[in-house]
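Chains as they are written, first to last, in my numbering: chain W, 3 to 326; chain H, 1034 to 1208. For each residue, glycine too, the CB sits at the ideal point set by N, CA and C. Bear in mind that the values here come from a model prediction, so they are computed numbers and not experimental data.
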C-alpha cells in the first residue's frame, strides 16, 4: 500500500491535463520514478533471468485497480534533499581539491534585481559558502555570508538568520570546521524558517540555485575524466538528488518563476538520463555483524565520459544563465 | 464582520505557525536514544531530518537521499509521552523484471520495505548502509491517542513528531 501514495496523489487525485503539453511533461518528468515515464536504458549487465534487453521501459508496478484509495488524502508527504554541505563534505573526503575561481563572483550580485534572480542566487551563494568553509577558505566566507544576508533582506526572509550568526562567524574566522558548522546550521535554519512561513516559492528557487551551483562546482573540480573516479560518481549521484528536488518544487509550479526553473531542471534531468547507463543487478538486504542493514544491488545508473561531459556542459550553461 | 473573520484567520495562522515552530526540534529528541556505545561513534545529525506538528492518526511520509559510502541511522520521535514507540517503516525502490500476459519482459520499479519496526519489537531506529546513492522513504504512523507535551497543542488533535537522520562515514570512504 505504502508504495503507491505518491502515485495516487499525483496521478489520481490530480489527473494530468492532456491539453497542456508542457504541464503534462513537467508532471510526468517530475515523477519519473513513480509515474509512467519512459526511460531509455542501455547496457544491461548481470545474470538475471529473461532474454536480452536493449530498450527497456521502466514503469511503476502499480495496479491501480488493486489500490485502496480510502484515506489517501490523509497522507502527508515531504521531500528532503541533501544540503550542499553534505555533498562537499563527501567530495572533499574523496580527494576533491579547492579551486577558488569556481564560486560566483560577489560583483555579480549587482545584476540580481528581480525576486527570482535574488532567490536563485541566495541559493548559489549558500552553496558557495558551504564550499568555501568545507575547503577552508575562511577569508572570503564572511563576505559571501554578508551577501546572502543582503539578498535575504531583499527577499523578506531576514528572519531566517539567527541574530548572533555574524558574531559567530567573526569569532571563528580562522576555524574552517566552525565555519562549516555555522554554514550547515544556517542552511537548516533558513530552510525550516521558509517552510514554516510557507515561502515555498522562494525555497524552491533557493534550492534550485544551490543545486545547480553545487553540481557546477563538483563537475569543474574534475579536470580530466577517469573511470571509477569517486567524484565523477558523485556527479552521477546528483541525478537522484535532482529527481527529489523536482518532486519538491513541482508543488509550487503555479508560480511562473518556479515553473521556468523546473523546466531547466527537467532539461538537466533529461541529460542525466539520456547519457548515463543503467546496470541491472539483483537487490539484496542483509545484516552485518553489528546489526546494520546492508543494501546492495537493485540496479543503478553509472557514469561514462559522454555523460560526464554532457552533464558538465549543461550545469555550466544553467549556472551561467542564473548568475550572469 | 470581515475584519473579525480576517483577524480570526490571522490568529489561527499564527497558532499553526507557532505550533510548527514549537515542533521544529522534535527530531532532536532522538539524540536521547543513543546509548553509551553509540555516543562515541561519530554520528552526525543530517539536515534532511524533519519535524513538525501532525494530526493524530494520520500517516506521514518523507523521502531522503542516502549517499553511498555512508551509514545512516533513522529514528522517529514524538512528544506524546504515552506513545513510547512510534510505528515506522523504511523503504526504497528496486527495479525488477516482470513478465506480462504476452510473455514480454518489462522492467518495473517497485517499492520494497526493508525495515518495519512492528516486526522488530517497535525498535525506534534502524541503521543501514547502501552500495549506491538512492532515495529512501520513511513512513510514520502518527499516534492516534495521547496528548502533545507542547502546551499549545495539548488540547488539539495535533502532536509533534520528528524523523531524525544521522550519518557517519563508513571505512571504505576516501583513499
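task: Using the DSSP secondary-structure output, state which residues sit across from residue 288 of chain W in a beta bridge.
output: Bridge pairing for residue 288 of chain W: W:296 [DSSP].
- prompt: Where residue 85 of chain W and residue 123 of chain W are concerned, what is the direct C-alpha to C-alpha distance, given to the nearest angstrom?
  reply: So the alpha carbons of these two residues sit roughly 15 Å apart.
task: Locate the alpha helix (DSSP H) running through residue 1100 of chain H, then write down its first and last residues.
output: No alpha helix (DSSP H) contains residue 1100 of chain H, which DSSP labels as neither H nor E.
message: Please report the straight-line C-alpha distance between residue 1173 of chain H and residue 296 of chain W, rounded to a whole angstrom.
response: Each residue's CA atom was taken as its position, placing residue 1173 of chain H and residue 296 of chain W some 22 Å apart.
message: Rounding to the nearest angstrom, what Cα-Cα distance links residue 300 of chain W and residue 284 of chain W in this structure?
response: The straight-line gap from Cα to Cα measures roughly 5 Å.
Cβ pair residue 157 of chain W, residue 129 of chain W closer than 7 Å: Contact flag unset, no.
field: Residue nearest to residue 1197 of chain H in terms of C-alpha spacing, selected from H:1083, H:1056 and H:1075
entry: It is H:1083 whose Cα lies nearest to the Cα of residue 1197 of chain H.
message: Using only the alpha-carbon positions, how far apart do residue 257 of chain W and residue 200 of chain W sit?
response: Spanning the two alpha carbons is a distance of roughly 14 Å.
message: Given this structure, state the Cα-to-Cα distance separating residue 42 of chain W from residue 173 of chain W, to the nearest angstrom.
response: Reliability of the predicted coordinates at residue 42 of chain W is poor, the pLDDT of 32 falling under 50, and no value is obtained from them.
message: Give the list of continuous beta strand (DSSP E) stretches no shorter than 3 residues that lie fully inside the region 1144-1197 of chain H.
response: If we require 3 residues or more, the beta strand (DSSP E) runs fully inside the region 1144-1197 of chain H come out as 1158-1163 and 1167-1174.
- prompt: Under a CB-based cut-off of 7 Å, is residue 1097 of chain H close to chain W?
  reply: Yes, its Cβ sits closer than 7 Å to a Cβ of chain W.
task: Under 6 Å Cβ to Cβ from residue 1141 of chain H, same chain only, skipping five residues before and after it: list those, please.
output: If we look at residue 1141 of chain H and ignore the five residues flanking it on each side, its Cβ neighbours are 1129 and 1131.
- prompt: Given that a residue counts as buried once 16 or more other Cβ atoms are within 10 Å of its Cβ, and exposed if not, what is residue 278 of chain W?
  reply: Answer is buried; the Cβ neighbour count reaches 16.
- prompt: In its own chain, which residues sit with a C-beta less than 6 Å from the C-beta of residue 222 of chain W, not counting the 5 before and 5 after it?
  reply: Here the set comprises 104.
- prompt: Quick check: the region 189-206 of chain W against the region 243-256 of chain W, are there 3 or more CB pairs under 8 Å?
  reply: These segments touch.
message: On the CB-based measure, 16 or more other CB atoms within 10 Å of its CB, does residue 1163 of chain H come out buried or exposed?
response: The residue in question, residue 1163 of chain H, is buried, as its Cβ has 16 or more Cβ neighbours within 10 Å.
message: Measuring straight from C-alpha to C-alpha, what distance separates residue 170 of chain W and residue 1098 of chain H?
response: Residue 1098 of chain H has its alpha-carbon roughly 30 Å from the corresponding atom of residue 170 of chain W.
- prompt: Does any C-beta atom of chain H lie closer than 7 Å to the C-beta of residue 30 of chain W?
  reply: Here the model assigns residue 30 of chain W a pLDDT of 40, short of 50, so the residue's position is not dependable and the matter cannot be decided.
Option nearest residue 273 of chain W by Cα separation, candidates W:288, W:303 and W:287: Here the closest residue by C-alpha is W:303.
- prompt: Taking all protein chains shown into account, do 16 or more other C-beta atoms lie within 10 angstroms of the C-beta of residue 993 of chain H, making it buried, or fewer, making it exposed?
  reply: Residue coverage of chain H in this structure runs from 1034 to 1208, which leaves residue 993 of chain H outside it and unanswerable.
- prompt: Does any residue of chain W bring its CB to less than 7 Å from the CB of residue 1171 of chain H?
  reply: Cβ-Cβ to chain W under 7 Å: no for residue 1171 of chain H.
query: For residue 1126 of chain H, does the count of other Cβ atoms within 10 angstroms reach 16, so buried, or fall short, so exposed?
result: In the assembly as shown, residue 1126 of chain H is a buried residue. Its beta-carbon has 16 or more other beta-carbons within 10 Å.
task: Could you check the C-alpha separation between residue 306 of chain W and residue 1100 of chain H for me, to the nearest Å?
output: A direct Cα-Cα distance of roughly 19 Å separates residue 306 of chain W from residue 1100 of chain H.
- request: For my contact list, residue 1160 of chain H and residue 293 of chain W are in at a C-beta cut-off of 8 Å; report their separation, rounded to the angstrom.
  value: Contact flag correct, Cβ pair sits at about 7 Å.
message: To the nearest angstrom, how far is the alpha carbon of residue 1080 of chain H from that of residue 1108 of chain H?
response: Those two C-alpha atoms are separated by around 14 Å.
field: Through-space distance from residue 214 of chain W to residue 315 of chain W, alpha-carbon basis
entry: Answer to the nearest angstrom: the Cα atoms are 12 Å apart.
- request: Report the option in W:323, W:308 and W:235 whose CA atom is closest to the CA atom of residue 262 of chain W.
  value: If we check each option's Cα against that of residue 262 of chain W, W:323 comes out closest.
query: Is it true that the CB of residue 217 of chain W sits closer than 7 Å to the CB of residue 312 of chain W?
result: No, the pair does not count as a contact, with Cβ atoms beyond the cut-off.
message: Less than 6 Å between C-beta atoms, sequence neighbours within five positions excluded: which residues of the same chain meet that for residue 254 of chain W?
response: Cβ within range, chain order: 202, 203, 206 and 260.
- prompt: According to a CB-to-CB cut-off of less than 8 Å, which residues of the region 1141-1169 of chain H neighbour chain W?
  reply: Per Cβ criterion, the list reads 1141, 1142, 1143, 1144, 1145, 1146, 1147, 1148, 1159, 1160, 1161, 1162, 1163, 1164, 1165, 1166, 1167 and 1168.
field: Cut-off 7 Å between Cβ atoms - residues of its own chain near residue 1181 of chain H, not counting five sequence neighbours on either side
entry: A distance below 7 Å between beta-carbons, with the five flanking residues on each side excluded, links residue 1181 of chain H to the following residues of its chain, in chain order: 1112, 1113, 1187, 1191, 1192 and 1193.
- prompt: Roughly how many whole angstroms lie between the Cα atoms of residue 99 of chain W and residue 1154 of chain H?
  reply: Just so you know, the alpha carbons of residue 99 of chain W and residue 1154 of chain H end up roughly 46 Å apart.
- request: Let me know the secondary structure DSSP gives residue 315 of chain W once reduced to three states.
  value: DSSP places residue 315 of chain W in helix when its eight states are reduced to three.
query: Applying a beta-carbon distance threshold of less than 7 Å, which residues of chain W neighbour residue 1087 of chain H?
result: Within chain W, the residues 78 have their CB atoms less than 7 Å from the CB of residue 1087 of chain H, given in chain order.
- prompt: How would you label residue 115 of chain W, buried or exposed, when you count the other beta carbons within 10 angstroms and need 16 or more for buried?
  reply: Around the CB of residue 115 of chain W, fewer than 16 other CB atoms lie within 10 Å, so the residue is classed as exposed.
- prompt: Taking the alpha carbon of residue 241 of chain W as the point to measure from, which residue in W:178, W:101, W:270 and W:91 has its own alpha carbon closest?
  reply: With distances taken between Cα atoms, residue 241 of chain W lies closest to W:270.
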